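Going from the sequence shown to the numbering used here is simple: count from 1 and add 376.
Glycine included, every Cβ here is placed at the ideal spot set by N, Cα and C.
In this text, all values refer to a predicted model and were calculated from it rather than measured experimentally.
Following: one structure in structure tokens, then a few remarks.
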Amino acid sequence: MATKSSNIIATDLDFDAIATNIKTYLKGQEKFKDYNFEGSNLNVLIDMLAYAQHVGGINTNIAASELFLDSAQIRKNVVSRAKDLGFVPASEKASAAEIEGKMTNIRNVDGTIPTANDMTMPRGHNFSTIYDGVSYNFVNTSSVVPIRDGLNFSYATVDIVQGQYITDTFVFDSQIKNSKFVLSNARVDRSKLEVSVNSNGTINTYSLSTDVSTITSSTKVFYAQENEEGFIEIYFGDDVLGLGLKDGDVIKTTYIAVDEVHADGAKHFNMSDAINGFTNITITTLSSSSGGAEKESIDSIKFKATKFYTSQNRLVTLNDYKAKVSEYYPNADAVAVWGGEDNDPPQYGKVFISLKPQNSDYLSVAEKTDVKNKLNQLNMMTVRPEIVDAEIVKILLTSTFKYNKSETTLSQGELESVVRNTIVNFDNTNLNNFDSIFRHSNLTKVIDECNTSILSNITNVRLRKRKLIVLNKSEGLTINFGNGFYHPNDGYNKASGGILTTTGFKVDGDITNTYYFDDDGSGVIRRYSLNASGVRVFADQSAGTIDYTNGKISIDAIKFTSTVNNDTSIDFTTLPISDDVVAIRGSLIDISVDDINVKGEVDTISSGESSAGVGYNSTSSSSY
């Protein structure tokens, strides 16, 4: 007579647990109730069954996880789930720059002067740059007709992007259901994709669809998305949501194929192709290359897709704006959004957006305009978006550490490199974002702990803020650090310029002297130049005010004609009252990696040197 069998537990995925469950089940049968499975041939079969169930269960669990956006790990599945929510992940984005060019003394071989049309720079004209020892190719995005002045030709504001133009052509066939046309290059900047359709000799330009609510049966739009292989595929309307295609229609696509490595930060460009046989061009860079980005990551897609769905393609809340801005400008390091009522001073009826791009501090004028125009298509009529530069407070660090040389095989220089890299990693992990806080004690702690030989460190903090200047226009300046300045008493450090230093500039009416700002230690800003002996000569001893308590500098109206900085800016550097630094609304704090000064010193006492206790160096914690 058989005993009552036990149920197999089907939810276990662990191999050993599955094998145990099978044995428990078999022992519930009369034939195997006293059977010793260990070491038997039957145990091999049980292990095989357990292994099969284990692998099958794991695969089933993984497959089920890939059905949901929050648990999917495979990119094609994440992209597919995002499509269900109407979200299209961002593609690669080409690095872009602005240049201008000038050709002088241009004559044809026969001595005649070319016309401006003869010297037109065609779209796709090649430029080259070398950045970090690697050569990159750039092309201009539109043809440029120069301004001719006698024998000279000027090319103003030429937009160039990294990569190459590629053209793919397709023919529509209605016999192929759900026709989608896959672009040949896997690295496509979708924002630069152009599509035209030749239908019986009539060529029409089609636009990328961004809002189906505005599309009719006759709207000439195309749709673009990432397919399972990671390539961009395009498709067209069905005569309901967009104009459909007819048999034989020829589809022409032109796009930028993006390089695998972005050349963000390139400043010097050369023309690779001749224009009408001439190559003697002088190129001036108006804005260095920036904006290059890889296709949107899996984590970013998961984060943005649900927020995009929630916003329903309209802009109402601040989070709606933040989600859309992140979609329009995917290579932003940080995005901040606040209402006009919270601005200083308040500006009602506006919403302010501040972006910090990757590998750059500011958006170009063209990038600001592009983002603003896109937002204007979705925001409420009574609200105006304003794109403002991120207010970046740079932290300048001077760190002096003592170490026991008997506890390390590293040289002093190698230890200094370790400390410097530790500071850079601290910056990348904790800062460079809106609403972040620099905690001085946390930094000094990680410096002490970065190598066992380091015994202590004194790390001094100064603050720097860069202010962009409009040249040849009389205007006042306000520089708000959002953190109070060190001011122990009126007249503090007056003879040496208080706590304020700046980079140089020139002003209207004086083409000779380079000027600077300092403070008198009592709240007044002064403007001075340096004579041949390096002594300050004050041209204006009341050029503005400095609010030590609130950390605000105000410069009276003045017409700047040039600055020492190439980007027509002035750097303001001060000493904070606290070594802890807080980012105010619309600003972020970031350690200036180019201004990290690290100095190591042997601790003679712990190292047991004969000079221990004699002339022992102690470092001041003051920045002045």
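What residues are listed by DSSP as bridge partners for residue i?
{"i": "E762", "result": "F728"}
{"i": "M647", "result": "F503"}
{"i": "N580", "result": "V573"}
{"i": "S456", "result": "Paired residue(s): none; S456 is not in a bridge."}
{"i": "G424", "result": "The question names Gly, yet the displayed sequence has Met at residue 424. Beta-bridge pairing links M424 to no other residue."}
{"i": "N752", "result": "In the DSSP output, where bridge partners are listed per residue, N752 has none listed."}
{"i": "F514", "result": "F503, Q538"}
{"i": "I1080", "result": "This structure gives no information on residue 1080, because the portion of the chain shown stretches from 377 to 1000."}
{"i": "G715", "result": "V727"}
{"i": "E851", "result": "I934"}
{"i": "I946", "result": "K843"}
Would you identify the three-state DSSP class for residue i, choosing helix, strand or coil?
{"i": "D633", "result": "The amino acid occupying residue 633 in the given sequence is Ala; Asp does not appear at that position. Strand."}
{"i": "M495", "result": "coil"}
{"i": "Y738", "result": "coil"}
{"i": "F391", "result": "helix"}
{"i": "T888", "result": "coil"}
{"i": "Q601", "result": "strand"}
{"i": "T590", "result": "helix"}
{"i": "R902", "result": "strand"}
{"i": "F679", "result": "helix"}
{"i": "K469", "result": "strand"}
{"i": "E703", "result": "helix"}
{"i": "D979", "result": "coil"}
{"i": "K671", "result": "coil"}
{"i": "V547", "result": "strand"}
{"i": "I398", "result": "helix"}
{"i": "Q917", "result": "strand"}
{"i": "K553", "result": "coil"}
{"i": "D895", "result": "strand"}
{"i": "V431", "result": "helix"}
{"i": "D565", "result": "coil"}
{"i": "F654", "result": "strand"}
{"i": "N419", "result": "helix"}
{"i": "R451", "result": "helix"}
{"i": "V969", "result": "helix"}
{"i": "L621", "result": "coil"}
{"i": "Y531", "result": "strand"}
{"i": "Y697", "result": "helix"}
Residue j and residue i - do their beta-carbons sit closer together than 8 Å?
{"i": "V958", "j": "G860", "result": "no"}
{"i": "Y924", "j": "H863", "result": "yes"}
{"i": "E783", "j": "S829", "result": "yes"}
{"i": "F728", "j": "E762", "result": "yes"}
{"i": "D323", "j": "R902", "result": "Residue coverage of the chain in this structure runs from 377 to 1000, which leaves residue 323 outside it and unanswerable."}
{"i": "S648", "j": "N528", "result": "no"}
{"i": "A472", "j": "V515", "result": "no"}
{"i": "I946", "j": "T854", "result": "no"}
{"i": "A562", "j": "G624", "result": "no"}
{"i": "M497", "j": "I651", "result": "yes"}
{"i": "L844", "j": "D720", "result": "no"}
{"i": "S530", "j": "P522", "result": "yes"}
{"i": "D535", "j": "E468", "result": "no"}
{"i": "T939", "j": "L876", "result": "no"}
{"i": "L691", "j": "L754", "result": "yes"}
{"i": "I677", "j": "F548", "result": "no"}
Give me, in chain order, the residues of the same chain whose beta-carbon lies closer than 6 Å to that of residue i; leave out the 5 immediate sequence neighbours on both sides.
{"i": "V571", "result": "Y582, F598, T629"}
{"i": "K556", "result": "E609, Y611"}
{"i": "A712", "result": "S730, F810, G962"}
{"i": "G539", "result": "A470, I632, A633, V634, D635"}
{"i": "V741", "result": "none"}
{"i": "T774", "result": "N836, N973"}
{"i": "S594", "result": "L619"}
{"i": "L819", "result": "F802"}
{"i": "G613", "result": "L619, G620"}
{"i": "V558", "result": "F607, E609"}
{"i": "L402", "result": "F408"}
To which residues of the same chain is residue i closer than 7 Å at the C-beta, ignoring the five residues directly before and after it?
{"i": "G874", "result": "Y868, D894, D895, D896, G897"}
{"i": "D932", "result": "G852, A919, G920"}
{"i": "T937", "result": "L847, N848, K882, V883, D884"}
{"i": "Y724", "result": "G716, E717"}
{"i": "V747", "result": "V701, Y704, Y705, I763"}
Taking 8 Å as the limit between beta carbons, can you name the residues of its chain near residue i, skipping five residues before and five after?
{"i": "D390", "result": "H430"}
{"i": "V769", "result": "L839, R840, K841, F857, G858, N859, V957, A959, S963, L964, I965, D966"}
{"i": "D499", "result": "Note that residue 499 corresponds to Arg in the displayed sequence, not to Asp. Here the set comprises V515, N516, T517, S518, S519, Y541."}
{"i": "D615", "result": "S593"}
**Study point:** Segments assigned beta strand (DSSP E), at least 3 residues, entirely inside the segment 755-841
**Key:** 760-765, 767-779
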